[in-house]
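Trainee: First, the structure itself, so that you have it in front of you.
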Amino acid sequence: MPEPRTWQLVAGSAVLGLALATTAVAAAGPWDTGQRKAERARAVTLATTGGAHHAGAPGDPAPRRPAPAPSAAGVLRALDPAAATGTLTRPGDDLAATLVPLLADPALGPLRTASVVDTTTGRQLYGEGAATPMTPASTIKIATTAAALSALGPDHRIATTTTATPDGRTVTLVGGGDPTLDHTRLRHLADATARALKTRGTPSVRLTYDTSLYQGPVLHPIGPNENLAPVTALMTNAGRRIGGTSQAEGSGGDSHTGTAPRSTDPARDTATAFADLLHRAGITVQGTPTPGKSPQGDKAAPLARTHSAPLADLVEHTLTHSDNDLAEALARQTALAHRQPASFTGAAKAVHDELARLGLPLAGARFADGSGLDRRDRISAGLLTGILTRAADPTRPTLRPVLTGLPVGGFSGTLADRYDDPATTPGAGTVRAKTGTLKGVDTLAGTVVTADGRLLAFAFLAGDTASPFTARPALDRLSAALAPPHRPGPTPP
Numbered sequence: 061m062p063e064p065r066t067w068q069l070v071a072g073s074a075v076l077g078l079a080l081a082t083t084a085v086a087a088a089g090p091w092d093t094g095q096r097k098a099e100r101a102r103a104v105t106l107a108t109t110g111g112a113h114h115a116g117a118p119g120d121p122a123p124r125r126p127a128p129a130p131s132a133a134g135v136l137r138a139l140d141p142a143a144a145t146g147t148l149t150r151p152g153d154d155l156a157a158t159l160v161p162l163l164a165d166p167a168l169g170p171l172r173t174a175s176v177v178d179t180t181t182g183r184q185l186y187g188e189g190a191a192t193p194m195t196p197a198s199t200i201k202i203a204t205t206a207a208a209l210s211a212l213g214p215d216h217r218i219a220t221t222t223t224a225t226p227d228g229r230t231v232t233l234v235g236g237g238d239p240t241l242d243h244t245r246l247r248h249l250a251d252a253t254a255r256a257l258k259t260r261g262t263p264s265v266r267l268t269y270d271t272s273l274y275q276g277p278v279l280h281p282i283g284p285n286e287n288l289a290p291v292t293a294l295m296t297n298a299g300r301r302i303g304g305t306s307q308a309e310g311s312g313g314d315s316h317t318g319t320a321p322r323s324t325d326p327a328r329d330t331a332t333a334f335a336d337l338l339h340r341a342g343i344t345v346q347g348t349p350t351p352g353k354s355p356q357g358d359k360a361a362p363l364a365r366t367h368s369a370p371l372a373d374l375v376e377h378t379l380t381h382s383d384n385d386l387a388e389a390l391a392r393q394t395a396l397a398h399r400q401p402a403s404f405t406g407a408a409k410a411v412h413d414e415l416a417r418l419g420l421p422l423a424g425a426r427f428a429d430g431s432g433l434d435r436r437d438r439i440s441a442g443l444l445t446g447i448l449t450r451a452a453d454p455t456r457p458t459l460r461p462v463l464t465g466l467p468v469g470g471f472s473g474t475l476a477d478r479y480d481d482p483a484t485t486p487g488a489g490t491v492r493a494k495t496g497t498l499k500g501v502d503t504l505a506g507t508v509v510t511a512d513g514r515l516l517a518f519a520f521l522a523g524d525t526a527s528p529f530t531a532r533p534a535l536d537r538l539s540a541a542l543a544p545p546h547r548p549g550p551t552p553p
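So, in C-alpha cells, the structure goes:
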C-alpha cells in the first residue's frame with residue numbers, strides 16, 4: 061500500500077460583499093474526498109465477475125479484447141455478507157488461543173481490555189473486558205472524528221472571515237475555529253479584504269479580532285504544553301512557533317505535526333500578522349489589533365472569507381498524525397452542530413449525543429476532551445470497535461474517512477516506524493490503526509484484512525504500563541496476529 065503524500069491544505073480567499081467568492085483545494089496524493097481513489101475504483105468493480113477486463117471502446121472488434129487477467133484477492137470482500145463464512149485469520153485458527161497469551165504480556169501492565177469484531181456481521185470474535193471503560197489516550201480521536209463526520213458531513217469546511225462596520229472604519233477578523241489556517245491563506249484573506257476596502261473607498265481602518273465562537277477555558281487541563289496550543293477560535297498553524305517566532309508571521313519551517321513550542325496567545329499573533337499583511341496590501345491599520353466582536357446582522361458588511369479543506373481531509377490528517385489541535389477543533393465543530401457551547405463541556409456532550417444517535421455502546425464513556433490528552437477520558441474497547449464497524453458499513457459512506465485516515469503499519473503517520481521486527485512484520489502494510497500513548501497508558505485500535513479478505517476491527521487498551529517502549533511492541537504483536545502471514549517471495553537466481 062503506498063504511503064500517502066504529505067498532507068496539504070491550500071484554500072484561497074475571496075472578496076465578499078461587493079466581490080465575494082470562496083475557494084479551497086483538497087489534499088494532494090491518493091486521497092479523494094475522504095476515500096482512497098484505489099478503494100473507490102475497486103468498489104465500482106465489485107459487481108463484475110472479477111479480473112482486469114482491458115476492454116476497448118464499445119465498437120472495437122472482439123479479437124482485440126484480451127482474456128481477463130487473474131483477479132487479486134477481494135480486499136473489500138468484508139462488504140459482502142455472503143463472504144462471512146465464519147473463518148477467522150486462517151482455516152482452523154482459534155483466535156482466543158492466539159490472542160490470550162499475547163494479551164498476557166507483562167509489558168501491557170495489569171489493566172488490559174480487548175475487542176475484535178467482524179465488521180461485516182458485527183459479531184465479536186474475541187473480547188476481554190470489552191465493555192470496561194478505560195483511559196483511551198489518543199484513540200479517543202476515533203470517536204471525535206466519527207462524531208464530527210456524522211454531525212457535519214465530509215464536505216463541511218471551516219471559515220475564517222472579515223467584516224466591517226457600516227462606516228467601514230473598523231474591520232474585524234473573525235475566527236471560525238480553523239487551526240489549519242496558515243500564513244499563505246492569511247495573506248490571501250488580507251489581499252481580498254484590502255481589495256474590498258479599496259472598492260469601498262476606505263484606505264484606513266482599525267482592526268479588531270473576534271474569538272467569541274468558542275466559550276469556556278482556552279487552556280486544556282494539562283496546562284501550557286507543546287502538544288496543544290490554547291484552544292481558541294482564531295489561530296494560525298495551530299499556534300506553532302519556530303525559533304521563537306509565530307508561524308502566523310510567515311517564519312517558515314516544517315513544524316506541522318508533533319510537539320512544538322506554542323504561542324500563549326495565538327489569536328493576538330494571528331491578528332498582528334493580519335494587520336501587517338493589510339499594510340502590505342495598501343491599507344493603513346490604525347494602532348494595534350484589539351479583541352472585539354464582529355457587528356451582527358445589518359450592522360456587519362462582509363468583506364472576505366477563506367475556508368479550510370473539507371472535513372474528510374481534516375479527519376484523515378487528525379488520525380494519521382494524531383493532531384491534538386485539530387481534534388479539539390473538530391469536537392467544537394460538533395458542539396456547534398448540536399447547538400451546544402463550543403467549549404470542552406459542550407463538545408463532550410455533543411460527541412456523546414452524536415455517538416448515541418449512531419446506536420453505539422456508551423455505558424461508562426466520558427469525553428473530557430477531543431484529543432485524548434485528558435486522563436479523565438473513558439472509552440471501552442467495544443465502543444472503539446463499534447465505531448470502526450459503523451465506519452466500514454457500506455450504507456454509511458459519511459464515516460469512511462475514519463478508516464482511510466488511520467495510519468498504515470510500517471508506512472505512515474504514527475505507525476511509520478513500527479511493525480519492523482519478525483514478530484510484527486505481518487502487520488506492515490496490512491494493519492491500519494490509531495495509536496494512543498500517555499504515561500502509563502498505551503492503546504491501539506484499527507482494522508486489518510484477513511487472509512480470506514475479511515475486514516476485522518480491533519481495539520487493545522492497556523493501563524498502568526511501565527514503559528511505552530515495551531508496551532507498543534506488545535500491542536503491535538496483538539494486531540499483527542490478526543493479519544495473514546507474509547509469504548517469502550521467490551528465491552532470486
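Under this note's numbering, read the sequence shown as residues 61 to 553, first letter to last. Idealized CB from N, CA, C, for every residue including glycine.
1. Can you grab the Cα-Cα spacing for the pair aspartate 238 / leucine 538, in whole Å?
2. Straight-line CA distance for glycine 236 to leucine 374?
3. Skipping 5 residues on each side, what residues in its chain have a beta carbon closer than 7 Å to that of threonine 204?
4. Apply the 10 Å Cβ neighbour rule to arginine 340 and answer buried if 16 or more other Cβ atoms are within range, or exposed otherwise.
5. Rounded to whole angstroms, how far is the Cβ of leucine 337 from the Cβ of arginine 247, which I believe are closer than 8 Å?
6. Residue range of the alpha helix (DSSP H) that serine 272 falls in?
7. Taking the beta strand (DSSP E) that valine 177 falls in, what are its first and last residues?
8. Between Leu542, Ala441, Ala407, Gly446, which has its C-alpha nearest glycine 513's C-alpha?
9. Among residues of its own chain, excluding the 5 on either side of isoleucine 202, which ones have a beta-carbon nearer than 8 Å to its beta-carbon?
10. May I ask which residues mark the beginning and end of the beta strand (DSSP E) holding phenylalanine 518?
11. Check this for me: beta carbons of leucine 288 and leucine 396, under 8 Å apart or not?
12. Along the beta strand (DSSP E) that carries alanine 493, what are the first and last residues, could you check?
13. Hey, could you find the ends of the alpha helix (DSSP H) proline 214 is sitting in?
14. For aspartate 154, which of Val176, Tyr479, Pro263 has the nearest alpha-carbon?
15. On the DSSP bridge list, what partners appear for glutamate 286?
16. Please report the straight-line C-alpha distance between glycine 487 and leucine 185, rounded to a whole angstrom.
17. Any idea if alanine 335 is buried or exposed, counting beta-carbon neighbours within 10 angstroms, 16 or more meaning buried?
18. Going along the chain, which residues of its own chain have a beta-carbon closer than 7 Å to the beta-carbon of proline 528, five neighbours each way excluded?
19. Going by CA-CA distance only, name the one from Ser382, Phe520, Pro533 that's closest to alanine 190.
20. Looking at C-beta atoms only, is the number of pairs between the region 476 to 485 and the region 450 to 457 that lie closer than 8 Å three or more?
21. Relative to the ligand ZN, is the shortest distance from any of its heavy atoms to the C-beta of alanine 252 smaller than 7 Å?
22. Starting from the C-beta of serine 272, find all residues in its chain whose C-beta is less than 6 Å away, skip the five residues before and the five after it, and write them out in chain order.
23. Just mark serine 198 as buried or exposed, buried being the case when its beta carbon has 16 or more other beta carbons within 10 Å.
24. What residue does the beta strand (DSSP E) around valine 509 start on, and which one ends it?
25. Got a sec? Which residues, its chain only, sit under 6 Å from proline 130 by beta carbon, not counting five neighbours each side?
26. Secondary structure at alanine 364, three-state DSSP: helix, strand or coil?
27. Can you say whether glutamate 286 is buried or exposed, counting buried as having 16 or more other CB atoms within 10 angstroms of its CB?
28. Tell me the DSSP secondary structure of alanine 428 in three-state form.
29. Using only the alpha-carbon positions, how far apart do proline 544 and aspartate 383 sit?
30. Quick one: Cα of alanine 402 to Cα of tyrosine 274, how far?
31. Among the residues of its own chain, which have a CB less than 8 Å from the CB of proline 263, if the five just before and after it don't count?
32. How many Å lie between alanine 407 and threonine 510 at the Cα?
33. Okay, do the region 415 to 427 and the region 162 to 171 touch, 3+ Cβ pairs below 8 Å being the bar?
34. Runs of 4 residues minimum, wholly inside the region 312 to 400: which ones carry the alpha helix (DSSP H) assignment?
35. Alpha carbon to alpha carbon, how far is alanine 320 from proline 351? Give it in angstroms, no decimals.
36. What would DSSP say about leucine 294, mapped onto helix, strand or coil?
Mentor: Based on what the coordinates show:
1. Position 178 of the sequence shown holds residue 238. Position 478 of the sequence shown holds residue 538. Approximately 37 Å, taken between the alpha carbons.
2. For the purposes of this step, residue 236 is identified with residue 176 of the sequence shown, where counting begins at 1. For the purposes of this step, residue 374 is identified with residue 314 of the sequence shown, where counting begins at 1. Distance between the alpha carbons of glycine 236 and leucine 374: 15 Å.
3. On the sequence shown, residue 204 is found 144 positions in, with the first residue counted as 1. Once the five neighbours on either side are set aside, the close Cβ partners of threonine 204 are Ala387, Leu390, Ala391, Val411, Gly430.
4. Position 280 of the sequence shown, counted from the start, is the residue given in the question as residue 340. Exposed, since its Cβ has fewer than 16 Cβ neighbours within 10 Å.
5. As a working mapping, residue 337 is identified with position 277 in the sequence shown. As a working mapping, residue 247 is identified with position 187 in the sequence shown. With a beta-carbon spacing of about 5 Å, leucine 337 and arginine 247 fall inside the 8 Å limit used to define contacts.
6. On the sequence shown, residue 272 is found 212 positions in, with the first residue counted as 1. Under the DSSP assignment, serine 272 falls outside any alpha helix (DSSP H); it carries neither an H nor an E label.
7. Working through the sequence shown from its first residue, we reach residue 177 at position 117. Valine 177 -> beta strand (DSSP E) spans 171 to 178.
8. Taking the sequence shown and counting its residues from 1, one reaches residue 513 at position 453. When each option's Cα is compared against that of glycine 513, the closest is Leu542.
9. Counting from one through the sequence shown, the residue named residue 202 turns up at place 142. Contacts found: Leu379, Leu444, Ile447, Leu448, Val462, Lys494, Ala505.
10. For the purposes of this step, residue 518 is identified with residue 458 of the sequence shown, where counting begins at 1. From DSSP, the beta strand (DSSP E) with phenylalanine 518 extends over 515 to 523.
11. Your numbering for residue 288 matches position 228 in the sequence shown. Your numbering for residue 396 matches position 336 in the sequence shown. No; because the gap between Cβ atoms is not below 8 Å, this pair is not in contact.
12. In the sequence shown, residue 493 corresponds to position 433, counting from 1. Counting along the chain, the beta strand (DSSP E) containing alanine 493 begins and ends at 491 to 498.
13. Residue 214 sits at position 154 when you count from the first residue of the sequence shown. Where proline 214 is concerned, there is no enclosing alpha helix (DSSP H), given that its DSSP letter is neither H nor E.
14. Translated into the one-based positions of the sequence shown, residue 154 becomes position 94. Here the closest residue by C-alpha is Val176.
15. Residue 286 sits at position 226 when you count from the first residue of the sequence shown. Beta-bridge pairing links glutamate 286 to no other residue.
16. As a first step, residue 487 must be located in the sequence shown, where it is residue number 427. As a first step, residue 185 must be located in the sequence shown, where it is residue number 125. About 19 Å.
17. Within the sequence shown, residue 335 is the residue found at index 275, counting from 1. Alanine 335 should be labelled buried.
18. As a first step, residue 528 is located in the sequence shown; it is residue number 468 there, counting from the start. So the list reads Thr497, Asp502, once near-sequence residues are dropped.
19. Locating residue 190 in the sequence shown gives position 130, where the first residue counts as 1. The shortest C-alpha separation from alanine 190 is found at Phe520.
20. no
21. This structure lacks the ligand ZN; in fact it carries no ligand of any kind.
22. Here residue 272 corresponds to residue number 212 of the sequence shown, with the count starting at 1. Shown here for serine 272: same chain residues with a beta carbon closer than 6 Å to its own, the five before and five after excluded, namely Lys353 in chain order.
23. Walking along the sequence shown from the start, residue 198 turns up at place 138. That one is buried.
24. Numbered from 1 along the sequence shown, position 449 holds the residue referred to as residue 509. Valine 509 -> beta strand (DSSP E) spans 501 to 509.
25. Translated into the one-based positions of the sequence shown, residue 130 becomes position 70. Note on proline 130: pLDDT 33, under 50, position unreliable in the model; the coordinate value appears next. Closer than 6 Å at Cβ, skipping near neighbours: no residue.
26. Numbered from 1 along the sequence shown, position 304 holds the residue referred to as residue 364. Three-state DSSP puts alanine 364 in a strand.
27. What you label residue 286 is simply residue 226 of the sequence shown in a count that begins at 1. Per the 10 Å Cβ criterion, exposed.
28. Looking up residue 428 in the sequence shown gives position 368. In the three-state reduction of the DSSP assignment, alanine 428 falls in the coil class, being assigned neither a helical nor a strand state.
29. Within the sequence shown, the letter at position 484 stands for residue 544. Within the sequence shown, the letter at position 323 stands for residue 383. Their backbone Cα atoms lie some 30 Å apart in a straight line.
30. What you label residue 402 is simply residue 342 of the sequence shown in a count that begins at 1. What you label residue 274 is simply residue 214 of the sequence shown in a count that begins at 1. Looking at the two C-alpha atoms, the distance is approximately 5 Å.
31. As a first step, residue 263 must be located in the sequence shown, where it is residue number 203. In its chain, beyond the 5 residues on either side, Leu257, Gly342, Ile343, Thr344 have a beta carbon closer than 8 Å to the beta carbon of proline 263.
32. Here residue 407 refers to the residue found at position 347 when the sequence shown is read from its first residue. Here residue 510 refers to the residue found at position 450 when the sequence shown is read from its first residue. When rounded, the distance between both Cα atoms is 36 Å.
33. Output reads no: the region 162 to 171 does not touch the region 415 to 427.
34. 326 to 340, 371 to 381, 384 to 397
35. Residue mapping note: residue 351 aligns to position 291 of the sequence shown, counting from 1. Residue mapping note: residue 320 aligns to position 260 of the sequence shown, counting from 1. Roughly 26 Å separates the two Cα atoms.
36. Working through the sequence shown from its first residue, we reach residue 294 at position 234. Leucine 294: coil per DSSP, three-state reduction.
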